[in-house]
Amino acid sequence: MEAQLFDSDVIYVSGGNTRNMLAIWDAAGVTPLLRPAWENGVVLCGVSAGAICWFEQGHTDSRGDLSTLDCLGWLKGSCSPHYDGEVHRRPSYENLMLSGGIKPGIALDDGVAAHFHGTTRSRLVSSRPKAQAFAIASENNALHQSQLDVDYLG
Numbered sequence: 120m121e122a123q124l125f126d127s128d129v130i131y132v133s134g135g136n137t138r139n140m141l142a143i144w145d146a147a148g149v150t151p152l153l154r155p156a157w158e159n160g161v162v163l164c165g166v167s168a169g170a171i172c173w174f175e176q177g178h179t180d181s182r183g184d185l186s187t188l189d190c191l192g193w194l195k196g197s198c199s200p201h202y203d204g205e206v207h208r209r210p211s212y213e214n215l216m217l218s219g220g221i222k223p224g225i226a227l228d229d230g231v232a233a234h235f236h237g238t239t240r241s242r243l244v245s246s247r248p249k250a251q252a253f254a255i256a257s258e259n260n261a262l263h264q265s266q267l268d269v270d271y272l273g
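Residue numbers for the sequence shown follow our numbering, beginning at 120 and rising by one.
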């Protein structure tokens, strides 16, 4: 398995149940191989569960309701996918942020991808012309949300 991961150009992680995915990776011995593969130039990417798994925390419905999940922790903060695609996603993330139940982070509309070089976010891109992304934090019981620039790829 190590040779296959290290010989890959890209490891693409699809959506699904983030909690189960991380548990299966741990049980199968995949987790300790991913970071060295990444550090050796393998591109790690994904959508939904495959996008949030790299962050410290993810905003997920892996337990049945929307809640916080501790993830791999390679990217600082939290990530919430489907920000415009699921009716309860945005209010849940905002409430978790206000209550201190999740770390400050980034919220991504469907179709938006966050591109990182190492652990530094370098660009946000979208396959949808009006899709948005937001940096979100809470301070003194107030939500601070700022819209981020997203490049539509066409």
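Glycine is no exception: its CB is placed at the ideal position from the N, C-alpha and C atoms.
Helix, strand or coil at residue i [DSSP, three-state]
i, result
"SER167", "coil"
"LEU82", "Residue coverage of the chain in this structure runs from 120 to 273, which leaves residue 82 outside it and unanswerable."
"ARG240", "strand"
"TYR212", "helix"
"GLN266", "strand"
"GLN176", "strand"
"SER218", "helix"
"GLU205", "coil"
"LEU152", "helix"
"LEU124", "helix"
Cβ-based burial, residue i [other Cβ within 10 Å; buried from 16]
i, result
"PHE125", "exposed"
"ASP184", "exposed"
"ALA146", "exposed"
"GLY237", "exposed"
"SER181", "buried"
"LEU217", "exposed"
"HIS201", "buried"
"GLY230", "buried"
Spatial distance of residue i from residue j (CA atoms)
i, j, result
"ARG247", "GLN266", "16 Å"
"GLU258", "ALA226", "17 Å"
"ALA233", "TRP144", "23 Å"
"ASN260", "GLN176", "20 Å"
"VAL244", "CYS198", "15 Å"
"THR137", "ARG242", "24 Å"
"ALA156", "VAL166", "19 Å"
"GLN251", "LYS222", "20 Å"
"VAL132", "ASP203", "21 Å"
"VAL269", "ALA142", "33 Å"
"PRO210", "ALA122", "43 Å"
"ASN139", "GLY169", "12 Å"
"PRO151", "VAL162", "16 Å"
"SER127", "GLY224", "29 Å"
"GLY160", "LEU215", "34 Å"
Nearest to residue i (by Cα), restricted to the options the options
i, options, result
"GLY148", "ARG208, MET120 and ALA254", "MET120"
"PHE174", "ASP180, LEU191, VAL161 and SER167", "LEU191"
"THR239", "THR150, GLY196 and LEU153", "GLY196"
"LEU81", "ALA122, LYS249 and ARG182", "A question about residue 81 goes unanswered here, because the residues of the chain that appear run from 120 up to 273."
"ILE255", "GLY219, VAL129 and GLY230", "GLY219"
Cβ-Cβ distance between residue i and residue j below 8 Å
i, j, result
"PHE253", "LEU194", "no"
"HIS263", "TYR212", "no"
"CYS172", "VAL129", "no"
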